[in-house]
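Here is the structure we will look at, set down as structure tokens.
There are 2 protein chains.
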Amino acid sequence: MNKIAHWLCLAACLAAVTLRAAVDPLPSWNDGQTRQSILKFVAEVTTPGTSLFVPPAERIAVFDNDGTLWTEQPAYTQFYFVMDRVKAAAARHPEWNTQEPFKSALTGDIKGLLTSGVQGLVKLPGAACEGMTIEEYDRAAHDWLETTRHPRFARPYLECVYQPMLELLAFLRASGFKTYIVSGGSLEFMRPWTEKVYGVPPEQLIGSTVRNKMELRNGQPVIVRQAEVDLVNDKVEKVLSIQRVIGRRPILAFGNSDGDLPMLQWTAAGGGRRFCGYVRHTDGEREYAYARTAAVGRLDKGLDEAGARGWTVVDMKRDWKRVFPFEAAPAGR
Amino acid sequence: MNKIAHWLCLAACLAAVTLRAAVDPLPSWNDGQTRQSILKFVAEVTTPGTSLFVPPAERIAVFDNDGTLWTEQPAYTQFYFVMDRVKAAAARHPEWNTQEPFKSALTGDIKGLLTSGVQGLVKLPGAACEGMTIEEYDRAAHDWLETTRHPRFARPYLECVYQPMLELLAFLRASGFKTYIVSGGSLEFMRPWTEKVYGVPPEQLIGSTVRNKMELRNGQPVIVRQAEVDLVNDKVEKVLSIQRVIGRRPILAFGNSDGDLPMLQWTAAGGGRRFCGYVRHTDGEREYAYARTAAVGRLDKGLDEAGARGWTVVDMKRDWKRVFPFEAAPAGR
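Chains as they are written, first to last, in this note's numbering: chain E, 1 to 333; chain U, 1001 to 1333.
Here's what the structure looks like:
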């Protein structure tokens, strides 16, 4: 009986694999070098019996979020959320009217905000949401994302994700990969929606964090956000947090800015076949065109290194049939 | 064809479930209230169509390690490893001959070590292994665990794990749970072996950490341990790290000391059915008998709270047919 169950399972799996192969896993990607480099890599590491084969447990894929999986222009989505939270909390903080970066946040001055630099900006999410329980924060983020629209695309932010990258995430998972997001954005800001939108569950997210504390409210333990920043998950910190949370070196890494470069270098330095990819924003018409001198999402050193080392650089304009899910679906290949 | 594959898969799964139900999942547990409380809980949360049903993605189970999954007496296993590492590094640190906790570590004085308190003890793993890459540390821990034996049981430490808890971990996973270890011990000290011994992969481990840094050695990026302690993952920190790494509240938590109490309280405070368990060390003959006044693994407040709230308290002597895998297997039920 046990053997029969085993045989039935094998037959079902083989049937499923055969059926899957007939369907194009990346319909929104134009055929060309970029798409082929992805298909080739996945075929290489998933074909049993070859020297390049990687067991499923070690098929770790890491993705940056802002600018890699969803749009980060004219500024990070989380900026807009935090600015609204700063406004909501401003009555309790009259000093914010004169202190940066709060002053710029209150007047909606993105340029002013950006001049505060990372060390200034990271103060905002902590200060704006201090004292909220994780459930309150989760609900606030969720409600905001449901009701607020991108200033240019006039769509909810959760629709401003890249359709080709959704397909890539799903294709990797169908090929036995475990997909992680490793973002400089706030961990708790991603938690309410990445499973629904990207298929990435809460335990496969790594992001920036504020210090939390546990306290009793109405006799029940709750986790409460504090103002103090715990981790700015950017650059080398991305590598260290991957080691801390996952404990395995990724075999595929995708980013779009210099902040992702150490993560790609760390991925590339492992043995066997590795895939390092950069999304390059070349499409000012359908999305945005920016790279080497951008204030948000600068890709300069990373582009040089990608060229020197033969990493895959996705040219949005050339490689993607459509950018967002709300565009018309492309005709079948 | 798709329908046939689907039908074959269903048939195979049903056959597998039927086969599994006939096998006792907890053969090393004496039948009684403790074993029944586990079986009842798992049946309740995994039976579809009831109000207590929990979807597989939310079946998060967290386990302390030292004293819950393996023996922690006469002192934490990691202590012995770290003492050996302190000796190995002592030539570079003549000041350790007079400074605590290094002095006690060098003379193998466990009592002296314990008087340093947590704040003293946590200095050791960082200082002793400063400058090692994660691969070097991994190999050192692995080699040490292969060659060093428990002072009383004269077995390699990796055999001094609790057979009934191995069965519980496997039973939970077979019931769709995701099992995590949330330990006060060092994260990197667990990484080399928990998958092999407990079936818990590297990405389902949470533990204490030192700061790492990334640097270039021979042109390759490596992650290097520093002396500075980053996180002592005990008490409330266990709750905060569960939120940070998993992002879901567990529905089952198992510990053995007061350091696990906040984790159990946090688990208990969620909605629906929850399981909180304490392993109580009552068997001085087969293992150790200790609880309320122990220097290592004190269980005092936790025992009171377990009594008041009706949590499951495993009485090792009464509830376990055998403690370690190296004991003779019990006869079938």
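Idealized CB from N, CA, C, for every residue including glycine.
All figures in this text were calculated on a predicted structure; none of them were measured in a lab.
**Asked** How should leucine 113/E be labelled, buried or exposed, when 16 other C-beta atoms within 10 angstroms of its C-beta is the threshold for buried?
**Response** buried
**Prompt:** Does any C-beta atom of chain U lie closer than 8 Å to the C-beta of tryptophan 266/E?
**Reply:** yes
**Asked** Is the number of C-beta pairs between the region 45–59 of chain E and the region 244–252 of chain E that are closer than 8 Å three or more?
**Response** Contact between the region 45–59 of chain E and the region 244–252 of chain E is present, because at least three Cβ pairs lie under 8 Å.
**Prompt:** methionine 214/E by DSSP, collapsed to three states: which one?
**Reply:** strand
**Asked** Roughly how many angstroms lie between the CA atoms of threonine 1148/U and tyrosine 1157/U, to the nearest whole one?
**Response** CA-to-CA, the gap between threonine 1148/U and tyrosine 1157/U works out to about 7 Å.
**Prompt:** At a CB-CB cut-off below 7 Å, which residues of chain U make contact with asparagine 233/E?
**Reply:** Using a Cβ-Cβ cut-off of 7 Å, asparagine 233/E is close to nothing in chain U; its nearest Cβ partner there is about 11 Å away.
**According to DSSP, residues forming a beta bridge with glycine 255/E** = Note: glycine 255/E sits in a beta bridge opposite Tyr278/E.
**Message:** I need the boundaries of the beta strand (DSSP E) containing leucine 181/E, first residue and last residue.
**Reply:** A small fix is needed here, since residue 181/E is isoleucine in this sequence, not leucine. Segment 178–186, the beta strand (DSSP E) holding isoleucine 181/E.
**Prompt:** If you count every other CB in all the chains shown that lies within 10 Å of the CB of arginine 274/E, and 16 or more means buried, which is it?
**Reply:** buried
**Prompt:** Rounded to a whole number of angstroms, what is the C-alpha to C-alpha distance between isoleucine 1223/U and proline 1125/U?
**Reply:** Straight-line Cα distance between these residues: approximately 16 Å.
**Prompt:** Looking at the unbroken beta strand (DSSP E) that takes in aspartate 138/E, where does it start and where does it end?
**Reply:** Looking at the DSSP string, aspartate 138/E is not in any beta strand (DSSP E); the run it does join, the alpha helix (DSSP H), is 134–147.
**Item:** 8 Å Cβ cutoff, glutamine 1243/U in contact with chain E
**Value:** yes
**Asked** Going by alpha carbons, who is nearest to tryptophan 29/E out of Ala289/E, Glu135/E and Leu168/E?
**Response** Leu168/E
**Asked** In the DSSP assignment, what are the bridge partners of isoleucine 1038/U?
**Response** BP columns for isoleucine 1038/U are empty, so no partner.
**Prompt:** valine 1239/U and methionine 214/E look like a contact to me (Cβ under 8 Å); what is the Cβ gap, rounded to whole Å?
**Reply:** 5 Å
**Distance between aspartate 1234/U and glutamate 1195/U (C-alpha atoms, nearest Å)** = 22 Å
**Coarse secondary structure for valine 1062/U, derived from DSSP in three states** = strand
**Asked** In angstroms, rounded to a whole number, what distance separates the CA positions of glutamine 220/E and alanine 75/E?
**Response** Rounded to the nearest angstrom, the gap between the Cα atoms of glutamine 220/E and alanine 75/E is 38 Å.
**Request:** Using a Cβ cut-off of 8 Å (strictly closer), state whether alanine 1269/U contacts chain E.
**Result:** yes
**Prompt:** Under 8 Å between C-beta atoms, does leucine 1187/U make it to chain E?
**Reply:** yes
**Asked** Should glutamine 1226/U and glutamate 1136/U be called a contact, given that it needs their Cβ atoms to be closer than 8 Å?
**Response** In this structure, glutamate 1136/U does not lie closer than 8 Å to glutamine 1226/U by Cβ.
**Prompt:** How is the beta strand (DSSP E) around arginine 225/E delimited, first residue to last?
**Reply:** Counting along the chain, the beta strand (DSSP E) containing arginine 225/E begins and ends at 220–231.
**Message:** Is it buried or exposed, asparagine 1097/U, if we count other Cβ atoms within 10 angstroms and call 16 or more buried?
**Reply:** The residue is exposed, with fewer than 16 neighbouring Cβ atoms inside 10 Å.
**Asked** Got a sec? Which residues, its chain only, sit under 8 Å from alanine 1170/U by beta carbon, not counting five neighbours each side?
**Response** Pro1025 and Gly1199
**Message:** Run through chain U and tell me which residues come within less than 7 Å of glycine 247/E, C-beta to C-beta.
**Reply:** Arg1191, Pro1202, Glu1203 and Leu1205
**Prompt:** Which residues in the same chain as leucine 52/E place their Cβ atom closer than 8 Å to its Cβ, once the five residues preceding and following it in sequence are excluded?
**Reply:** Counting only Cβ-Cβ distances below 8 Å, and skipping sequence neighbours, we find Glu44, Val45, Gly272 and Arg273.
**Item:** Status (buried if at least 16 other CB within 10 Å, exposed otherwise) for arginine 292/E
**Value:** exposed
**Asked** Should glutamine 36/E be flagged as near chain U, meaning a C-beta pair shorter than 8 Å?
**Response** Closer than 8 Å: no.
**Asked** So, using beta-carbon positions, are proline 1330/U and valine 1161/U closer together than 8 Å?
**Response** Not in contact: proline 1330/U and valine 1161/U (Cβ atoms no closer than 8 Å).
**Request:** Specify the secondary structure class of tyrosine 1290/U as computed by DSSP and reduced to three states.
**Result:** Strand at tyrosine 1290/U.
**Request:** Decide if glutamine 1243/U is buried, meaning its Cβ has at least 16 other Cβ atoms within 10 Å, or exposed.
**Result:** buried
**Request:** With DSSP as the reference, label proline 48/E as helix, strand or coil.
**Result:** coil
**Asked** Rounded C-beta distance between leucine 1106/U and alanine 1090/U? I'm assuming under 8 Å.
**Response** 6 Å
**Message:** Would you say valine 239/E lies against chain U (beta-carbon separation less than 8 Å)?
**Reply:** yes
**Request:** Using 10 angstroms around the beta-carbon of asparagine 1002/U, count the other beta-carbons present and answer buried if the total reaches 16, otherwise exposed.
**Result:** Here the model assigns asparagine 1002/U a pLDDT of 49, short of 50, so the residue's position is not dependable, and the following value carries that caveat. So asparagine 1002/U counts as exposed.
**Request:** Note the first and the last residue of the continuous beta strand (DSSP E) segment covering valine 314/E.
**Result:** For valine 314/E, the enclosing beta strand (DSSP E) has its first and last residue at 312–315.
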